[in-house]
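Chains as they are written, first to last, in this note's numbering: chain U, -13 to 315; chain Z, 821 to 1364. So the structure is just underneath, and the comments pick up after that.
Laid out in structure tokens, this is it:
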């Protein structure tokens, strides 16, 4: 971008140029994020009306209602369901643009505060799972990633197994072993940290497998790098090499993957929250979809999308900080 | 009506009575009841959207509202209507005027007095379109006028005689709430409804639990309760645990005391667990049965309907898939309905007869896949299945039905969907077979399900007559029965109606609407209220 011969000018201009680049990057990400949110809202709006089932049913307490003509007409008018679809769409988008999420058809309460409380519960679950997965993955790879040997084979095998296990099966297994047989933990997500352990393990273990596999590969690559040889030549201990030099490199792809991982945790939350009877966005979404509670479905989808966008932007930003090469590419 | 069926009637009644006695008997208390403690109940039913059972009106609402809202009348284990908030009632000779005498010593938990005005406000609330009531609205459909004659006297004027009025009024969806509370906006009343019941809703943490505290001033227990005065438990915690395996695990671990919607495999393993007991309380109204849609081909031909019923043998599947926890039904009505008639002879399995009937009906060609055809059209039956309503064992049973129907050349298309899509398929007449449970107290459910008026969709698209049975003679009998208050005469009419439905091959009964509770043996005095078989914890106590 700058003339390589004019080093002074380069030094002077690099910072503002970099700042501009960063600002443009942020603006692009925000614009893109808003576009994604709009598309999510649009797809949800039409998808929920294309599948069979009348939203009036949700308002009347579930499908199969035999309410009177007056009651149904009253509800259609009240919720604007008597308008043409395209009018309903633009009205809905206008309200969403003003952050008005409306009232739940089934619960008759304001959607925004309700969904926000559910979000908190899901965030606790997913963030805890992400942290636990990281800790387990780092520990497992560091301990077992010598150069060859049976430890590596065992570690790699465990990771493959963990990554392949579906959430619902793992959840049942954990309940049977830790709860029904050993009586260590409650099978349901009781309030408090004790009730968080099984749901977090269910979400974290498969992710540990993914992260572990990824880090194992980059670790192996990092071991081949010259700086490892120099570190060893300096007399650095084996653990010193692993912690201080290799891990930093090996973690990079893991950080990038965490954005995707967070998304997968959000979808895993649907299963885990249902099995462990834990409040949260996933369970809210499941019940709202099944009764066509459109305002709640829309709010949950938008909130999940927004959370995912924020996390992705954050991991990208961390990437740029940890590895400045990313920013200039 | 043939002679053997008349002989069967007393047998059916005796069997019903025995079953009722069996399912409502509580274990003899080991000691004097102990007051105090919190009982944790875990439900697998959906979380209600609104705790006021007037709004909408579904079974999850009935389950919980039974704890805090009471009705004018109740039903005892023998199926008799008994006084509750109303102490006595009289019906005029023409059946159009009903006078109810109300208890004068009952107050709602917000301090409002229970009186005739309160009853009037409640019936009006049910009829108000703003309430958006469905079940309760139907139940009070014939009530035209309500007059508070005196503080404890209320008069209902009906548009037509209604022999099902008391049964309708016994249902939780017609429960009586504080008129003061009903004046609040709907969202508030949904969150904290006020009744006269033994418990009071104090907190609702969505997706998690509802907390109910004991009503210290409670004095309106129905006659069939074990004690009087306030409940024994300090409080109830009502948890929502949608996953059946988790619910059972939570019962085993002691985290919860009582669970509903227990699955056959869990009920079977609980039998060998001394710490767990079972309460089998079938829901009233209709049995769980397959409806054969006679409104369109191929089931518009009675021979094809009979062929289907002769072809499929459901009994062995019920025995094995339900681990012996569900008894085969041969009745359109639930076994808890005294007027239900069991007709096993009508459901003999005979594949040869089925083949002959199909040949006779013109379905005499076989295509390359082994299915029968007629004029190049395959003998196909669409069978939408609601995965919300049909438990895994039932879905497996439907797969067995699919396999045995294939043996005589039916192609059964099982279409598992979620509840809304399932109703969508029914509303657009895209089904030949369907299993649609219907809960209502009393045999008048037959009128709702099989009167030709019920083919006309409600404003929401719903119609209850899914067999699309249209028979003027049956309509006549059902209408007469709904206006006949003489018990014996009414029972005879309903028996005739059931004969027409079954002899026309419109239904294949499977079993009662399954409603199994499992509970820790430390829970004493727990029973299901015989109205809609919802649990009641008024007499319950913890024997730790």
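All C-beta atoms, glycine included, are put in the ideal place defined by N, C-alpha and C.
Comparing C-alpha distances from residue 1027 of chain Z to each of Z/1241, Z/865, Z/1353 and Z/1142 shows the shortest one belongs to Z/865.
A contact is defined here as three or more CB-CB pairs under 8 Å, and the segment 1273 to 1281 of chain Z fails this definition with respect to the segment 969 to 979 of chain Z. Counting only Cβ-Cβ distances below 7 Å, residue 1066 of chain Z has contacts in chain U at 161, 173, 174, 261, 262 and 263, in chain order. Counting only Cβ-Cβ distances below 8 Å, residue 169 of chain U has contacts in chain Z at 1073, in chain order. Rounded to the nearest whole angstrom, the C-alpha separation of residue 962 of chain Z and residue 150 of chain U is 60 Å. C-alpha of residue 890 of chain Z to C-alpha of residue 929 of chain Z: approximately 12 Å in a straight line.
Distance from the Cα of residue 42 of chain U is smallest, within the candidate group U/57, U/36 and U/222, for U/57. By the criterion of a C-beta distance shorter than 6 Å, residue 1132 of chain Z is surrounded in its chain by 1221, 1224 and 1225, once the five residues flanking it on both sides are discounted. In the DSSP annotation of this structure, the continuous segment of the beta strand (DSSP E) that includes residue 1194 of chain Z starts and ends at 1192 to 1194. Annotated three-state conformation of residue 1105 of chain Z is coil, per DSSP. The Cβ of residue 273 of chain U sits closer than 8 Å to at least one Cβ of chain Z. Proximity to residue 1059 of chain Z across Z/1097, Z/1363 and Z/868 peaks at Z/868, based on C-alpha coordinates.
What residue 75 of chain U touches in chain Z, judged by beta-carbon distance under 8 Å, is nothing: the nearest beta carbon there is about 20 Å away. Residue pairing by DSSP leaves residue 201 of chain U without any beta bridge partner. Under the 10 Å beta carbon count, residue 28 of chain U is surrounded by fewer than 16 other beta carbons and is classified as exposed. In terms of Cα proximity to residue 159 of chain U, the closest of U/24, U/258, U/282 and U/291 is U/258. Just so you know, the alpha carbons of residue 137 of chain U and residue 148 of chain U end up roughly 16 Å apart. Annotation: the continuous alpha helix (DSSP H) that includes residue 1011 of chain Z extends over 1006 to 1011.
Proximity of chain Z to residue 109 of chain U at the Cβ level (cut-off 8 Å) is not reached, the minimal Cβ distance being about 15 Å. Residues of the segment 912 to 923 of chain Z that bring their beta carbon within less than 9 Å of a beta carbon in chain U are absent altogether.
In this structure, residue 1361 of chain Z lies away from residue 1071 of chain Z, with their beta-carbon atoms at least 8 Å apart. Inter-residue distance for residue 200 of chain U and residue 1238 of chain Z is about 38 Å (C-alpha atoms, whole angstroms).
A distance below 8 Å between beta-carbons, with the five flanking residues on each side excluded, links residue 876 of chain Z to the following residues of its chain, in chain order: 869, 870, 952, 953, 954 and 955. The beta carbon of residue 1345 of chain Z sits closer than 8 Å to those of 846, 849, 853, 1046, 1052, 1359, 1360 and 1361, all from its chain and outside the five residues before and after it, given in chain order. Residue-level contact check: residue 867 of chain Z touches chain U, since one or more beta carbons of chain U fall below 8 Å from its beta carbon.
Counting only runs of at least 4 residues, the segment 1297 to 1330 of chain Z fully encloses the following alpha helix (DSSP H) elements, listed from N- to C-terminal order: 1307 to 1323. Contact of residue 53 of chain U with chain Z is assigned, a C-beta pair being separated by under 8 Å.
Fewer than three beta-carbon pairs drawn from the segment 1073 to 1082 of chain Z and the segment 1248 to 1261 of chain Z are found closer than 8 Å, and the two stretches are therefore not classed as touching. Per the coordinates, the alpha-carbon of residue 1127 of chain Z lies some 13 Å from the alpha-carbon of residue 1201 of chain Z. The C-alpha of residue 2 of chain U lies about 20 Å from the C-alpha of residue 15 of chain U. Not a single CB atom of chain Z sits nearer than 8 Å to the CB of residue 302 of chain U. In terms of CA proximity to residue 52 of chain U, Z/1284 leads the group Z/1284, Z/1331 and Z/1304. Taking all protein chains in view, the Cβ of residue 1094 of chain Z is surrounded by fewer than 16 other Cβ atoms within 10 Å, so the residue is classified as exposed.
Counting other Cβ atoms within 10 Å of its Cβ, residue 1335 of chain Z reaches 16 or more and is therefore classed as buried. In the assembly as shown, residue 1011 of chain Z is a buried residue. Its beta-carbon has 16 or more other beta-carbons within 10 Å. Among the residues of the segment 1033 to 1063 of chain Z, those with a Cβ less than 9 Å away from any Cβ of chain U are 1059, 1060, 1061, 1062 and 1063, in the order of the chain.
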